[in-house]
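S.K.: Residue numbers (this note's numbering), protein chains in the order written: chain R, 1 to 260; chain B, 261 to 520.
Number of protein chains: 2
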Amino acid sequence: MITGTTRFTPLLAHPSRHVRTPGVFNAECAARGLDMVMVPLDVTPAGLAATVAALRGVANLAGMVVTIPHKGAVAALCDRLTGAAEMLGVCNIIRREPDGSLTGAMFDGEGFVAGLRQEGYEPSGKSVLLVGAGGAAAGLAHALAAAGVARLTIANRSPDKAEALASDLRAVFPGVNIGAGPADPAGYDLAINGTSLGMHEGDALPFDAARLLPGTLVAEVVMQPDVTPLLTAAAARGCRVHKGVHMITAQVRLLVDFLA
Amino acid sequence: MITGTTRFTPLLAHPSRHVRTPGVFNAECAARGLDMVMVPLDVTPAGLAATVAALRGVANLAGMVVTIPHKGAVAALCDRLTGAAEMLGVCNIIRREPDGSLTGAMFDGEGFVAGLRQEGYEPSGKSVLLVGAGGAAAGLAHALAAAGVARLTIANRSPDKAEALASDLRAVFPGVNIGAGPADPAGYDLAINGTSLGMHEGDALPFDAARLLPGTLVAEVVMQPDVTPLLTAAAARGCRVHKGVHMITAQVRLLVDFLA
């Protein structure tokens with residue numbers, strides 16, 4: 001029930017038709033008895049700065065949750081960043097403080113790792129291929145390193161961006177073998193799509209599924225469609241698969257905690 | 261259930277704690293099976309233009325409903341005005357067209373008159389005192405004249421504003437006796453508070469309740485509190501009263517029609 005006292009948390013996305021966070025977020029708020037509601041707003045990259053500036057002045061704004069393609073750009077619009085967001089310069093949630101200032105944080109990575117554990121998979125000690133070096137992928141890389149994976153290879157269309165991310169992470173996690181490398185999943189314990197490939201019909205696969213071996217767990221950040229072409233191809237190769245939606249169901253508690 | 265396809269309709273207000281429209285609007289959408297949701301946004305007058313400009317770019321924005329104190333200022337931010345909004349230069353709803361342009365309309369007056377009729381009171385032929393000449397009051401004045409009241413007196417703290425509104429309305433409704441006058445309810449069939457007085461504790465009454473005679477119907481546009489000090493005083497004088505909430509319950513169908 002939305003009333004005059006309800007706090008507003010928009011989800012900034014572009015496009016927004018594919019988002020699944022509002023359903024999970026609003027159910028979590030209802031379960032906790034919190035008078036807060038999330039509605040998706042389809043905001044273009046060109047309109048992001050003006051939208052964030054305007055929302056900053058909305059007194060009943062709890063914060064904003066941010067997804068593709070805004071996670072990098074929005075970090076520059078915050079007054080301060082905390083935790084992984086500060087290191088990575090990306091964020092997926094902003095809290096509006098009582099003085100109207102904005103604090104950015106990044107829970108995609110923690111949410112992804114929590115989702116793996118929720119599904120019974122412990123990433124500690126594993127070898128991991130992560131495709132992508134954008135906002136979401138950077139968050140995953142940070143959290144996987146923090147969770148103690150043994151080896152992390154970051155594969156990206158622009159290899160320089162992958163190497164820059166790997167270099168930043170090596171400085172923080174010297175005990176993890178982190179590097180840039182090709183998008184070849186053969187031999188990894190865990191292969192992750194950290195890009196938006198699979199969200200739109202006709203997208204290429206993030207890596208060649210024919211190179212998968214059955215021992216690899218294949219995981220997604222794309223949550224719409226629920227089962228992406230990558231997950232279908234991986235299952236056909238005999239791999240265990242992990243849907244993108246788990247990143248949100250496990251993460252939404254962290255998001256609500258941050259705003260409540 | 262809010263999903264990635266839900267269309268957003270903010271209610272722009274300041275303050276927003278008192279608004280009751282979201283509950284009625286969202287119930288109407290649910291009853292019609294419309295995938296649209298209203299959330300109040302507390303936007304200051306200083307922030308209004310930037311907020312409207314930013315929301316104009318939101319692809320899943322159905323429109324905006326606008327209430328105190330923004331009904332006048334927001335009209336100037338529309339690309340076009342229709343009906344009563346065009347004549348009065350005030351609006352309480354904006355529709356976002358597919359090309360991103362904004363069409364403003366004003367349904368407060370029609371909603372108020374529909375609310376009177378819904379409660380069994382026909383204003384045609386009646387003598388009416390209306391206190392206020394702001395955005396909401398102007399809408400009421402227009403709709404009461406259109407409904408065929410016999411006499412309409414507009415009383416306002418700044419008499420010039422009341423006279424300007426009366427003059428504009430006389431040009432459109434030559435058959436109605438419309439003028440500016442004192443806020444004295446004695447002898448009117450219908451006496452209406454068209455200001456925000458009564459919304460905040462300690463507000464003065466919009467007119468002297470001791471001057472009420474029992475034959476007068478006393479009506480409100482303030483809907484929070486549900487029963488204002490004016491309505492309490494009027495009931496104590498033996499008058500029939502008409503709550504502010506009826507303006508919304510009768511109007512919300514018009515608002516949803518305009519956006520659907």
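Ideal Cβ positions, reconstructed from N, Cα and C, are used throughout, including at glycine.
Please specify which runs of the beta strand (DSSP E), each continuous and at least 3 residues long, are wholly inside the segment 88-151 of chain R, giving them in chain order.
M.R.: 93-96, 102-105 and 127-131
S.K.: How do the segment 62-80 of chain R and the segment 112-128 of chain R stand: do at least 3 beta-carbon pairs fall below 8 Å, yes or no?
M.R.: no
S.K.: Out of R:THR51, R:ALA234, R:VAL90 and R:ILE94, which has the shortest C-alpha to C-alpha gap to R:ALA62?
M.R.: In the first sequence, residue 62 of chain R corresponds to position 62, counting from 1. When only C-alpha atoms are compared, the closest one is R:ILE94.
S.K.: Just list the beta strand (DSSP E) runs in the segment 429-474 of chain B, keeping only unbroken ones of 3 residues or longer that don't cross its boundaries, in chain order.
M.R.: 437-440 and 450-453
S.K.: With a cut-off of 8 Å, do at least 3 Cβ pairs link the segment 476-489 of chain B to the segment 419-435 of chain B?
M.R.: no
S.K.: Can you tell me which residues form a DSSP beta bridge with R:VAL24?
M.R.: For the purposes of this step, residue 24 of chain R is taken as residue 24 along the first sequence, with counting starting at 1. For R:VAL24, which the question treats as bridged, DSSP gives no partner whatsoever.
S.K.: Identify, in the order they occur along the chain, each residue of the same chain with its Cβ nearer than 7 Å to the Cβ of B:VAL505, setting aside the five sequence neighbours on each side.
M.R.: Translated into the one-based positions of the second sequence, residue 505 of chain B becomes position 245. Cβ neighbours of B:VAL505 beyond the five flanking positions: ARG280, MET483 and ASP486.
S.K.: Of all the options B:ILE262, B:ALA310, B:ALA313 and B:ALA309, which has the alpha carbon lying nearest to the alpha carbon of B:CYS289?
M.R.: Position 29 of the second sequence holds residue 289 of chain B. Checking every option, the nearest Cα to that of B:CYS289 belongs to B:ILE262.
S.K.: Examine chain R for any beta-carbon lying closer than 8 Å to the beta-carbon of B:PRO300, and answer yes or no.
M.R.: Within the second sequence, residue 300 of chain B is the residue found at index 40, counting from 1. For B:PRO300, the answer is yes, since a Cβ of chain R falls inside 8 Å of its Cβ.
S.K.: Just how far apart, CA to CA, sit B:ALA464 and B:LEU457?
M.R.: For this step, residue 464 of chain B is matched to residue 204 along the second sequence. For this step, residue 457 of chain B is matched to residue 197 along the second sequence. When rounded, the distance between both Cα atoms is 7 Å.
S.K.: What residue range is occupied by the uninterrupted beta strand (DSSP E) comprising R:ASP42?
M.R.: Your numbering for residue 42 of chain R matches position 42 in the first sequence. 36-42 is the extent of the beta strand (DSSP E) around R:ASP42.
S.K.: On a CA-only basis, which of R:LEU116, R:ALA180, R:ALA13 and R:ALA143 is nearest R:GLY47? Give me that one, please.
M.R.: As a first step, residue 47 of chain R is located in the first sequence; it is residue number 47 there, counting from the start. Minimum Cα distance to R:GLY47 is reached at R:ALA13.
S.K.: Output needed in chain order: residues of the segment 279-308 of chain B with a Cβ under 8 Å from some Cβ in chain R.
M.R.: Under the 8 Å Cβ criterion, the segment 279-308 of chain B contributes VAL279, ARG280, PRO282, GLY283, ASN286, VAL297, MET298, VAL299, PRO300, LEU301, ASP302, VAL303, THR304, ALA306 and GLY307.
S.K.: Buried or exposed for R:HIS242, going by 16 or more other Cβ atoms inside 10 Å?
M.R.: Numbered from its first residue, the first sequence carries residue 242 of chain R at position 242. Looking at its Cβ environment, which holds 16 or more other Cβ atoms inside 10 Å, R:HIS242 is buried.
S.K.: Among B:ALA493, B:SER427 and B:ALA431, whose alpha-carbon lies nearest the alpha-carbon of B:ALA440?
M.R.: Working through the second sequence from its first residue, we reach residue 440 of chain B at position 180. Ranking the options by Cα distance to B:ALA440, first place goes to B:SER427.
S.K.: Tell me, please, whether the CB atom of R:PHE207 is closer than 8 Å to any CB atom in chain B?
M.R.: Position 207 of the first sequence, counted from the start, is the residue given in the question as residue 207 of chain R. Not an interface residue.
S.K.: Would B:ILE452 and B:LEU389 qualify as a contact pair, given that the criterion is a beta-carbon distance under 8 Å?
M.R.: Within the second sequence, numbered from 1, the residue matching residue 452 of chain B stands at position 192. Within the second sequence, numbered from 1, the residue matching residue 389 of chain B stands at position 129. A contact, by the Cβ cut-off of 8 Å.
S.K.: How far does the beta strand (DSSP E) with B:ARG267 in it extend, from its first residue to its last?
M.R.: Your numbering for residue 267 of chain B matches position 7 in the second sequence. Taken as a continuous stretch (DSSP letters only), the beta strand (DSSP E) holding B:ARG267 covers 267-273.
S.K.: R:MET247 CB to nearest chain B CB: under 8 Å?
M.R.: Numbered from 1 along the first sequence, position 247 holds the residue referred to as residue 247 of chain R. Not closer than 8 Å to any Cβ of chain B, the Cβ of R:MET247 fails to qualify, so no.
S.K.: If we define contact as Cβ-Cβ less than 8 Å, is R:ILE93 a contact residue for chain B?
M.R.: Residue numbering aside, residue 93 of chain R sits at position 93 when the first sequence is read from its first letter. So no, R:ILE93 is outside the interface.
S.K.: Taking 8 Å as the threshold (beta carbon to beta carbon), is B:ILE452 in contact with chain R?
M.R.: Reading the second sequence from its first residue, position 192 is the one you call residue 452 of chain B. No, its Cβ sits nowhere closer than 8 Å to a Cβ of chain R.
S.K.: For B:GLU524, which beta-bridge partners are listed by DSSP?
M.R.: With chain B covering 261 to 520 only, the question about residue 524 of chain B has no answer from this structure.
S.K.: Spatial neighbours of R:ALA75 within its chain, please: CB distance less than 7 Å, with the 5 preceding and 5 following residues excluded, ordered by chain position.
M.R.: For the purposes of this step, residue 75 of chain R is taken as residue 75 along the first sequence, with counting starting at 1. Within the same chain, R:ALA75 has close Cβ partners LEU81, ALA85, GLY89, VAL90, CYS91 and GLY104.
S.K.: In terms of alpha-carbon separation, which member of B:ARG292, B:HIS278 and B:LEU315 lies closest to R:PRO10?
M.R.: For this step, residue 10 of chain R is matched to residue 10 along the first sequence. Comparing Cα positions, the closest option is B:LEU315.
S.K.: Which residue spans inside the segment 227-252 of chain R form an unbroken alpha helix (DSSP H) run of at least 4?
M.R.: 229-236
S.K.: On a Cα-Cα basis, can you pick out the residue from R:GLY83, R:THR153, R:LEU213 and R:THR228 that is closest to R:MET199?
M.R.: Taking the first sequence and counting its residues from 1, one reaches residue 199 of chain R at position 199. Of R:GLY83, R:THR153, R:LEU213 and R:THR228, the residue nearest in Cα terms is R:THR228.
S.K.: Using C-beta distances below 6 Å, list every residue in its chain close to R:ALA183, excluding the 5 sequence neighbours before and after it, in chain order.
M.R.: Taking the first residue of the first sequence as position 1, residue 183 of chain R is located at position 183. So the list reads VAL131, ALA155 and PHE207, once near-sequence residues are dropped.
S.K.: Between R:THR5 and chain B, is there a C-beta pair that is closer than 8 Å?
M.R.: Counting from 1 along the first sequence, the entry for residue 5 of chain R is found at position 5. For R:THR5, the answer is yes, since a Cβ of chain B falls inside 8 Å of its Cβ.
S.K.: For B:VAL478, write down the residues that DSSP places opposite it in a beta bridge.
M.R.: In the second sequence, the residue the question calls residue 478 of chain B occupies position 218. According to DSSP, which records beta bridges pairwise, B:VAL478 is partnered with B:ALA451 and B:VAL501.
S.K.: Taking just the CA atoms, how far does B:GLY369 sit from B:ALA287?
M.R.: Residue 287 of chain B sits at position 27 when you count from the first residue of the second sequence. Residue 369 of chain B sits at position 109 when you count from the first residue of the second sequence. So the two alpha carbons sit approximately 22 Å from each other.
S.K.: Taking the beta strand (DSSP E) that B:VAL325 falls in, what are its first and last residues?
M.R.: Locating residue 325 of chain B in the second sequence gives position 65, counting from the first residue. Start and end: 323-326.
S.K.: Leaving out the 5 sequence neighbours to the left and right, which residues in its chain are closer than 7 Å to R:ALA309 when beta-carbon positions are compared?
M.R.: The question about residue 309 of chain R has no answer here: the residues shown for chain R are numbered 1 through 260.
S.K.: Which residues bound the alpha helix (DSSP H) around B:ARG316?
M.R.: Sequence index remark: in the second sequence, residue 316 of chain B carries index 56 (1-based). Counting along the chain, the alpha helix (DSSP H) containing B:ARG316 begins and ends at 308-316.
S.K.: Where does B:ALA424 fall in DSSP's three states?
M.R.: Position 164 of the second sequence holds residue 424 of chain B. The answer is helix: DSSP assigns B:ALA424 an H, G or I state.
S.K.: For R:GLY198 and chain B, any beta-carbon pair shorter than 8 Å?
M.R.: Indexing the first sequence from 1 puts residue 198 of chain R at position 198. Chain B contact via Cβ: absent.
S.K.: Does the Cβ of R:GLY134 have 16 or more other Cβ atoms within 10 Å, making it buried, or fewer, making it exposed?
M.R.: Taking the first sequence and counting its residues from 1, one reaches residue 134 of chain R at position 134. Under this definition R:GLY134 is a buried residue.
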